[in-house]
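Under UniProt numbering, residues 1 to 320 are what the sequence shown spells out, in order.
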Amino acid sequence: MTASSAASSSTTTTTTTTVPDESECLKKEEERFKSPDPAPTLDEEVDIATLPSMLEDDPNGNVVECDLGFKGPRWGPQHAGAKKLASMYSKEKRLQEQVSLIVAIFLFSAVFINLIITFDSSIWMSVLFYAVLGIMTADFLSGLVHWGADTFGSVETWFGRSFIRPFREHHVDPTAITRHDFVEVNGDNFMLCIVPLVWILYQQNTYEREAITQWASFHWYILLLGIYVALTNQIHKWSHTYFGLSKWVVFLQKTHIILPRSHHKIHHISPHACYYCITTGWLNWPLEYCGFWRKLEWVVTAATGMQPREDDLKWATKLN
């Protein structure tokens, strides 16, 4: 054996594992939250399989290893923030949702029955128009509420614990919504419909018949808008459900009559700063095209000093 070969055989190769710097990872995460990339322009231009979105279709926990120092899952039910947020769901909140559902369903039924009893066939075209307008309005309102709760506010306040907490939990554990029952998913949306339905029912029971007829088309609009608003979070839940959906729900998703699963995946690209509309998703592209949400964020920040997604970032990077 030559000296050179002996030397080479005795040489040992050492490898070093680079451990990411936690502060650097957190800084990059913060930069992504504060300066989101523009949303994809059209669904057809996006290969959904390549999106760095959360694994909504993973039936085994929706967990991947965290790149923030490899100290915990970046999202999923085992994420530290997800556990804490889920624990904040209280008995009082549950009661509020149950009462809201019962009251709203009664009001929906009463208003609908009164509209049928007093229906004038001459307004059917306007009812059809208001049905479509109601869908568009609900889609926009779903985006506005979704954007506001995602972008500003804190879970530390009473209002935040009750109404912003679900949005924070959803970002760190997207499939949590699929484990929630009808009451938890839909209680707050039904609550939003109570006041306008009470107003309509009051008019229906106090106005003269002629006045009721004059208001009928608008009453249909509010009723149909209310139905779409009430069902928005159920539609949202279906967009995260990849197993056991009814064929008619899948059909409505594929025809984009309601929010499709592939379409909503775009919102779940961190930092969750685009495609907020979750009733049908029809308005997502035009609102992104004109930069509506970024302009609105600029206005809020200029007026209040609040920074977009500060609270969301805190929960996303919570490791213990």
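Where is the CB? At the ideal position from N, CA and C, for every residue including glycine. Only a predicted model underlies this, so the values are computations on that prediction, with no experimental measurement involved.
Span of the alpha helix (DSSP H), counted from its first residue to its last, around residue i
i      : result
LYS318 : Run containing LYS318: none; DSSP gives neither H nor E here.
HIS146 : 124-151
ASP188 : 182-192
ARG209 : 209-239
THR301 : 292-304
TYR289 : 284-289
VAL155 : Unbroken run through VAL155: none, as it is neither H nor E.
GLY81  : 80-87
ARG94  : 91-117
HIS170 : 165-172
Distance between residue j and residue i (C-alpha atoms, nearest Å)
i      : j      : result
TRP158 : VAL172 : 21 Å
VAL250 : TYR275 : 20 Å
ARG161 : THR304 : 21 Å
HIS263 : GLN78  : 26 Å
LEU107 : ASP312 : 35 Å
GLY134 : SER217 : 12 Å
TYR202 : THR232 : 26 Å
ASP188 : SER121 : 34 Å
TYR242 : THR255 : 17 Å
ALA316 : ARG165 : 13 Å
ALA110 : THR118 : 12 Å
TRP293 : ARG209 : 44 Å
ALA138 : GLY281 : 10 Å
CYS277 : LEU141 : 8 Å
LYS91  : LYS83  : 17 Å
VAL198 : VAL145 : 22 Å
GLY153 : LEU225 : 26 Å
LYS265 : ALA211 : 46 Å
LYS314 : LEU101 : 32 Å
PHE167 : SER87  : 14 Å
LYS295 : PRO308 : 12 Å
PHE129 : ILE269 : 35 Å
LYS318 : ALA273 : 19 Å
HIS240 : THR206 : 44 Å
Residue i (DSSP reduced to helix, strand or coil)
i      : result
ILE258 : coil
ILE278 : coil
GLN307 : coil
Inter-residue CB distance, residue i and residue j (contact presumed, cutoff 8 Å)
i      : j      : result
GLY148 : LEU287 : That belief does not hold up - the Cβ atoms of GLY148 and LEU287 are roughly 14 Å apart, past 8 Å.
GLN98  : VAL183 : 6 Å
THR279 : LEU252 : Not confirmed; about 12 Å, so no contact.
TRP220 : VAL127 : 5 Å
LEU192 : PHE112 : Wrong, their Cβ atoms sit about 18 Å apart, outside the cutoff.
GLN204 : ASN114 : 4 Å
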